[in-house]
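Participant: Provided herewith is a single structure, encoded as structure tokens, for subsequent inquiry.
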Amino acid sequence: MKSTPRRILAAMAAGGLLFVSACTTGDEVATGEGDTKIEKVGLMVQDLTNPFFAAMQTRMQEQAKADGFTLNVQDGRQDLAAQNDQIDAFIQQGMDVILINPVDSEGIGSAVERAKAAGITVVAVDANAAGSHAGVTTDNVMAGRLSCEALVEKIGGEGKVLILDGTPISPVQDRVKGCMEVLDATEGITVVGHQNGNNDRATGLSLATDMLTANPDVQGIFAINDPMALGADLAIQQANRTGIWVTGVDGSPEAVIALEDEKSNLWATPAQDPGGMAVRAYEVAREIRGGNEPEEHTALMEPSIVDRDSVGDYAGW
1 MKSTPRRILA AMAAGGLLFV SACTTGDEVA TGEGDTKIEK VGLMVQDLTN
51 PFFAAMQTRM QEQAKADGFT LNVQDGRQDL AAQNDQIDAF IQQGMDVILI
101 NPVDSEGIGS AVERAKAAGI TVVAVDANAA GSHAGVTTDN VMAGRLSCEA
151 LVEKIGGEGK VLILDGTPIS PVQDRVKGCM EVLDATEGIT VVGHQNGNND
201 RATGLSLATD MLTANPDVQG IFAINDPMAL GADLAIQQAN RTGIWVTGVD
251 GSPEAVIALE DEKSNLWATP AQDPGGMAVR AYEVAREIRG GNEPEEHTAL
301 MEPSIVDRDS VGDYAGW
């Protein structure tokens, strides 16, 4: 019987051999030559205080119970160094699969390579991770486009707009790309402010407060996710401003509450399926370990727009 990478590692450890990094490669798993049974899964997310990532955790806990694997969830706390350490810990723990939502899509690449060299299947979820075997994410260019189409329509196709950007990860960059395609193609729109935050409500509030002070005549704000959009909404209310509409991305439970609140300035948000995205990434990892390579490296899931007119029909997360 051919020894699996995990059996080789166990045998070497039992024999007191400490240098094991060259005994297996990620290619063995990727081509189906390794152990296809999944017993341990590590889920790494940017920030568990964000309901989007909490929804991933909940669905993967349900999946772990259904399939009988052990799930270890780690909060990256928006810290690349922390995620590097978490991957190293996963390697020591002998994970079969890592589902990674990176803080920095490129910066995490060296840690991903270490995991692959240890025979772990690495699938990116929501945001691309350099070197990963595969990825599953929302079509974020479409999400940005849908969000800004809704914003442009709401403000009547003309006016001044602010952009609340985020951290250097692929979904954020793609959303801004999709939004800018719409704004650049709309002759009556002028972007008067564009700043980066940390993808959270606190920086959405602080950035929007400062940008609204510097730009008193603004009609719209696009934020790269719902937490920052809700921060911007609060900034508008605290400044006692009117006539400013906000759009985000996610379709989060908090955004639904805001869409149903007449006092809120949030107009629309393209909805994602974070839990379904994480489960699909796990399924992709299982397929890879079985020798079935995906046709495309990154599978895209389509978002759907939710606004004040349609929120009553939205099932939510």
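The sequence shown lines up with residues 1 to 317 when you count with my numbering.
Just so it is clear, CB atoms sit at the ideal spot from N, CA and C, and this is done for glycine as well.
(1) Here's the rule: buried if 16 or more other CB atoms are within 10 angstroms of the residue's CB, otherwise exposed. What is His297?
(2) If I'm right that Leu164 touches Gly204 with Cβ under 8 Å, what's the distance once you round it to whole angstroms?
(3) Going by DSSP, what residue range makes up the alpha helix (DSSP H) through Asn140?
(4) Check whether the stretch 145 to 156 and the stretch 182 to 202 are in contact - that is, three or more C-beta pairs closer than 8 Å.
(5) Hey, Ala299 and Val284 are a contact pair by Cβ (cut 8 Å); roughly how many whole angstroms apart?
(6) Tell me which residues share the same chain as Thr247 and place their Cβ nearer than 6 Å to its Cβ, disregarding the 5 neighbours each side in the sequence.
(7) Sorted by chain position, which residues of the same chain lie with C-beta nearer than 8 Å to Thr137's C-beta, five sequence neighbours on each side aside?
(8) Under the rule that 16 or more other beta-carbon atoms within 10 Å means buried, what is Thr167, buried or exposed?
(9) Could you name the residues of the same chain whose beta carbon sits closer than 6 Å to that of Glu158, not counting the 5 residues immediately before and after it, in chain order?
(10) Kindly indicate the opening and closing residues of the alpha helix (DSSP H) around Thr209.
(11) Applying the criterion that 16 or more other CB atoms from any shown protein chain within 10 Å of the CB defines a buried residue, is Thr213 buried or exposed?
(12) Using DSSP with H/G/I as helix, E/B as strand and the rest coil, what is Thr58?
(13) Less than 6 Å between the CB of Glu296 and some heavy atom of the ligand NAP, yes or no?
(14) CB-CB under 6 Å to Asp27, same chain, minus the five flanking residues each way: which ones, in chain order?
(15) Which residue wins for smallest C-alpha separation from Phe52, given the options Asp261, Ala315, Gly251?
(16) Looking at the unbroken alpha helix (DSSP H) that takes in Met95, where does it start and where does it end?
(17) Pick out whichever of Gly119, Asp88, Glu181, Asn225 has its Cα sitting closest to the Cα of Asn375.
(18) Spell out the partners DSSP gives Ala267 in its beta bridges.
(19) How many angstroms separate the CA atom of Gln195 from the CA atom of Asp67?
(20) Do the CB positions of Asp75 and Leu48 come within less than 7 Å of each other?
(21) Let me know the secondary structure DSSP gives Ser304 once reduced to three states.
(22) State buried or exposed for Ile257, treating a residue as buried only when at least 16 other CB atoms are found within 10 Å of its CB.
(23) Please return the same chain residues whose Cβ sits closer than 6 Å to the Cβ of Thr121, not counting the five positions on each side in sequence.
(24) Here's a check: name, in chain order, each residue in its chain whose Cβ is nearer than 7 Å to the Cβ of Asp233, leaving out the five neighbours to either side.
Facilitator: Walking through what the data contain:
(1) Along the sequence shown, read from residue 1 onward, the residue named residue 297 stands at position 297. Taking all protein chains in view, the Cβ of His297 is surrounded by fewer than 16 other Cβ atoms within 10 Å, so the residue is classified as exposed.
(2) Against the sequence shown, residue 164 aligns to sequence position 164. Against the sequence shown, residue 204 aligns to sequence position 204. Indeed, because the Cβ distance is near 6 Å, the residues count as touching under 8 Å.
(3) Working through the sequence shown from its first residue, we reach residue 140 at position 140. The continuous alpha helix (DSSP H) containing Asn140 extends over residues 140 to 154.
(4) At 8 Å Cβ cutoff, the stretches touch.
(5) In the sequence shown, residue 299 corresponds to position 299, counting from 1. In the sequence shown, residue 284 corresponds to position 284, counting from 1. That pair is a contact at about 7 Å.
(6) The sequence position of residue 247 within the sequence shown is 247, counting from 1. Cβ neighbours of Thr247 beyond the five flanking positions: Ser147, Ala150, Leu151, Phe222, Trp267, Ala268.
(7) In the sequence shown, counting from the first residue as 1, residue 137 sits at position 137. Contacts found: Ala124, Val125, Asp126, Ala127, Asn128, Ser170, Pro171, Met277, Thr298, Ala299, Leu300, Met301.
(8) Residue mapping note: residue 167 aligns to position 167 of the sequence shown, counting from 1. Buried.
(9) Here the question's residue 158 lines up with position 158 in the sequence shown. The residues are Gly188.
(10) In the sequence shown, residue 209 corresponds to position 209, counting from 1. Per DSSP, the continuous alpha helix (DSSP H) segment holding Thr209 begins and ends at 201 to 214.
(11) As a working note, residue 213 is residue 213 in the sequence shown. Under this definition Thr213 is an exposed residue.
(12) What you label residue 58 is simply residue 58 of the sequence shown in a count that begins at 1. If DSSP states are grouped into helix, strand and coil, Thr58 belongs with the helices.
(13) In the structure on display, the ligand NAP does not appear, and there are no ligands present to speak of.
(14) Against the sequence shown, residue 27 aligns to sequence position 27. Low confidence applies here, because Asp27 scores a pLDDT of 42, under 50, leaving its location unreliable and the question unanswered by this model.
(15) Locating residue 52 in the sequence shown gives position 52, counting from the first residue. Ranking Asp261, Ala315, Gly251 by CA distance to the CA of Phe52 puts Gly251 first.
(16) As a working note, residue 95 is residue 95 in the sequence shown. First-last for Met95: undefined, no H or E at that position.
(17) Residue numbering for the chain in the displayed model covers 1 to 317; residue 375 lies beyond these limits and cannot be assessed.
(18) As a first step, residue 267 is located in the sequence shown; it is residue number 267 there, counting from the start. What sits at residue 267 in the sequence shown is Trp, not Ala. Per DSSP, none; premise fails for Trp267.
(19) Here residue 195 corresponds to residue number 195 of the sequence shown, with the count starting at 1. Here residue 67 corresponds to residue number 67 of the sequence shown, with the count starting at 1. Cα to Cα, Gln195 sits roughly 43 Å from Asp67.
(20) Counting from one through the sequence shown, the residue named residue 75 turns up at place 75. Counting from one through the sequence shown, the residue named residue 48 turns up at place 48. Between Asp75 and Leu48, the C-beta spacing is below 7 Å.
(21) As a position in the sequence shown, residue 304 is number 304, starting the count at 1. In the structure shown, Ser304 adopts extended strand secondary structure according to DSSP, grouped into three states.
(22) Position 257 of the sequence shown holds residue 257. Exposed.
(23) In the sequence shown, residue 121 corresponds to position 121, counting from 1. Answer for Thr121: Val29, Val97, His133, Ala285, Ile288, Arg289, listed in chain order.
(24) The sequence position of residue 233 within the sequence shown is 233, counting from 1. Cβ neighbours of Asp233 beyond the five flanking positions: Val246, Ala258, Ser264, Asn265, Leu266.
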